[in-house]
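Undergrad:
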Amino acid sequence: MIPRLPGPDSSLRFLRDGYRFVSRGADAVGADAFRTRLAGRPVTCIRGREASRLFYEGDRFGRAGAMPVSVMHLLQDAGSVQAMSGHGHHVRKAMFLGMMLPEGIERVRRAFDDEWRAGVARWSRVPEVRLHDELVEVLMRTACRWVGIPVADDEVGSVGGDVADMVERAASIGPVNWAARARRLRAERWARDVVRRARDGRLPVAAGSPLQDLVTHVDADGSPLTTEAAGVELLNLVRPTVAVARFIDFALHALHAHPRWARAFAAGDESDLRGFVQEVRRFYPFFPVIAGTVARPFDGLGGSFAPGDWVMLDLFGTNRDPRLWHDPETFDPTRFRGWDGDPNTLIPQGGGDAASGHRCPGEDITIAIVEEAVRLATRETDMTLPTQDLRISLRRFPALPRSRVRASFR
26 MIPRLPGPDS
36 SLRFLRDGYR
46 FVSRGADAVG
56 ADAFRTRLAG
66 RPVTCIRGRE
76 ASRLFYEGDR
86 FGRAGAMPVS
96 VMHLLQDAGS
106 VQAMSGHGHH
116 VRKAMFLGMM
126 LPEGIERVRR
136 AFDDEWRAGV
146 ARWSRVPEVR
156 LHDELVEVLM
166 RTACRWVGIP
176 VADDEVGSVG
186 GDVADMVERA
196 ASIGPVNWAA
206 RARRLRAERW
216 ARDVVRRARD
226 GRLPVAAGSP
236 LQDLVTHVDA
246 DGSPLTTEAA
256 GVELLNLVRP
266 TVAVARFIDF
276 ALHALHAHPR
286 WARAFAAGDE
296 SDLRGFVQEV
306 RRFYPFFPVI
316 AGTVARPFDG
326 LGGSFAPGDW
336 VMLDLFGTNR
346 DPRLWHDPET
356 FDPTRFRGWD
366 GDPNTLIPQG
376 GGDAASGHRC
386 PGEDITIAIV
396 EEAVRLATRE
406 TDMTLPTQDL
416 RISLRRFPAL
426 PRSRVRASFR
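Those letters in the sequence shown? Residues 26 to 435, per the numbering used here, in order.
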């Protein structure tokens, strides 16, 4: 039987413990799963390798009703691939996977390289920039170049800000969330306009581009995507690319906190570059949990799960699980030398198999962009981080260095 966390509701405890909520609850009951309530709704919280396997493999879970409406409307919205299940999800997901082949990843890397260098030329003209906010623009331009969308300078700032706000305000409630949802609607109008112009010939569509794939895709039922659905999926290409700004922030934080890695990369030693980026993804807080609803009954983790049960998988806690990672509270890229690649132990962007499950299909693009950012920051850029508050609160969703990474360029 899965134990129950003491108390009628754990909402305040979740806010207090932040990213460590599930792990602390699991430690308290001595199990990898526990039951409680959040905002009055019964939920089972799970952590660890087996929990990730159960959550992502075997089509045990759906996404309908899994996220609060306030989060759903900002990060996914109705009709998106993340909200789908079964054969329809597999067909839609295959479209995205086709965009993430090596040649597509290389296009993203080259675009980011160009946009970073152009950014440095701008940033070097002022004493200091708030780099997180500048990276939003760099990554918005990168995403549009990769997808195949010509974008005006004024659109980069406005739409990029709208897209970034979807991530920034995902865990907010009340007026702040409502304002972010209004910005989401504005971004959706922009995306629908791109789709319409691409389909009626007003916008040139490059052969083999993600935009072409999107506007010509045929779903499992044999029908093309509606303008609304295609607009949502267009944002599902742009928004996660812009969200990589957080991983770059964390990578720069790690280079600042552990300068031996900065020195090694500056000298051209990339033997641990992939391990460094993977350790950034493991160690730093991206999203705390992912939620699903049980689609079919199953047993596991000491209990039974029934259709409709709400379940939350601990992403951050699994990445810090001492049974899976030696000395997990220490930042150590060398741990990835010889790593077996278990898809259910390193899960900052989800677990399981990207082709058959709900793991983020853009994970390789994330890694490529962050690797390139580390190369550029250590070998191609004269950049310093002035004295600032780089502390990262684990009670803030999603987390970010408090200063938003202030930097000076020469």
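Idealized CB from N, CA, C, for every residue including glycine. On a predicted model such as this, the values are computed, not experimentally measured, just so you know.
Which word fits L259, buried or exposed, when buried means at least 16 other C-beta atoms lie within 10 angstroms of its C-beta?
TA: Under this definition L259 is a buried residue.
Undergrad: Just reading off the alpha helix (DSSP H) that P200 is part of, what are its end residues?
TA: Element bounds for P200: 200 to 224.
Undergrad: Hey, quick one: how far does the alpha helix (DSSP H) through A58 stretch, first residue to last?
TA: From DSSP, A58 is part of no alpha helix (DSSP H) but of the beta strand (DSSP E) over 58 to 63.
Undergrad: Buried or exposed for G327, going by 16 or more other Cβ atoms inside 10 Å?
TA: So G327 counts as exposed.
Undergrad: In the DSSP assignment, the alpha helix (DSSP H) including R39 goes from what residue to what residue?
TA: This sequence places Phe at residue 39; Arg is not what is there. That run of the alpha helix (DSSP H) goes 36 to 42.
Undergrad: Rounding to the nearest angstrom, what Cα-Cα distance links V96 and R429 in this structure?
TA: Approximately 23 Å, taken between the alpha carbons.
Undergrad: So, at 6 Å on beta carbons, what are the nonlocal neighbours of R170 in its own chain, with the 5 sequence-adjacent residues on each side left out?
TA: If we look at R170 and ignore the five residues flanking it on each side, its Cβ neighbours are A136.
Undergrad: Grouping DSSP H, G and I as helix and E and B as strand, with all else coil, what is D324?
TA: Looking at D324 - three-state DSSP - the assignment turns out to be strand.
Undergrad: Identify which residue in A216, W148, R206, I198 has its Cα closest to the Cα of P175.
TA: For P175, the nearest C-alpha among the options comes from A216.
Undergrad: What is the DSSP secondary structure of T266, reduced to helix, strand or coil?
TA: DSSP places T266 in helix when its eight states are reduced to three.
Undergrad: What is the DSSP secondary structure of V54, reduced to helix, strand or coil?
TA: Here V54 sits in helix by DSSP.
Undergrad: Going by DSSP, what residues sit across from M337 in a beta bridge?
TA: Partner(s): C70, A316.
Undergrad: Report, in whole angstroms, the separation of the C-beta atoms of R72 and D339, which I expect to be a contact under 8 Å.
TA: Yes, they are in contact, since the Cβ atoms of R72 and D339 sit about 4 Å apart, within 8 Å.
Undergrad: Determine, using beta carbons only, whether A507 and D297 come nearer to each other than 9 Å.
TA: In the structure as shown, the chain starts at 26 and stops at 435, and residue 507 therefore has no counterpart that could be examined.
Undergrad: Hey, would you say F121 sits closer than 9 Å to G376, going by beta carbons?
TA: No, these two residues do not count as a Cβ contact at 9 Å.
Undergrad: Closest to W141 by C-alpha separation, out of R117, R166, R150, R155, would be which residue?
TA: Here the closest residue by C-alpha is R166.
Undergrad: Which same chain residues end up closer than 7 Å to E159 when comparing Cβ atoms and leaving out the 5 residues on each side of it in sequence?
TA: So the qualifying residues of the chain are G144, W148.
Undergrad: Among residues of its own chain, excluding the 5 on either side of P322, which ones have a beta-carbon nearer than 8 Å to its beta-carbon?
TA: So the list reads S329, F330, A331, P332, once near-sequence residues are dropped.
Undergrad: Any idea what DSSP makes of S433, helix, strand or coil?
TA: Three-state result, S433: strand.
Undergrad: Who does V184 pair with in a DSSP beta bridge?
TA: In DSSP, V184 forms no bridge with anything.
Undergrad: Only counting the same chain, and skipping five residues up and downstream in sequence, which positions put a Cβ closer than 8 Å to that of R473?
TA: It is not possible to answer for residue 473, since the shown part of the chain is limited to 26 through 435.
Undergrad: Can you list, in chain order, the residues of its chain whose CB lies under 6 Å from that of F311, leaving out five sequence neighbours each side?
TA: Hits under 6 Å: P373.
Undergrad: Helix or strand or just coil, what does DSSP make of G144?
TA: The answer is helix: DSSP assigns G144 an H, G or I state.
Undergrad: Return the CA-CA distance between G233 and T412, expressed in angstroms with no decimal places.
TA: Using only the alpha carbons, I get a separation of about 46 Å.
Undergrad: So for G173, helix, strand or coil by DSSP?
TA: Three-state DSSP puts G173 in coil, outside helix and strand.
Undergrad: What is the C-beta distance between S36 and A64, in whole angstroms, given that I count them as a contact (C-beta under 8 Å)?
TA: Indeed they touch by this definition, with Cβ atoms about 5 Å apart.
Undergrad: Taking the continuous alpha helix (DSSP H) assigned at F121, which residues delimit it?
TA: Where F121 is concerned, the enclosing alpha helix (DSSP H) stretches over 111 to 124.
Undergrad: Is the region 264 to 277 close to the region 388 to 406, with three or more CB pairs under 8 Å?
TA: Verdict: yes, contact present.
Undergrad: What does a CB cutoff of less than 6 Å around R345 pick up in its chain, not counting 5 residues either side in sequence?
TA: Taken in chain order, the residues that qualify are P353.
Undergrad: Among E213, V240, A212, which one has its Cα closest to the Cα of A223?
TA: Ranking the options by Cα distance to A223, first place goes to V240.
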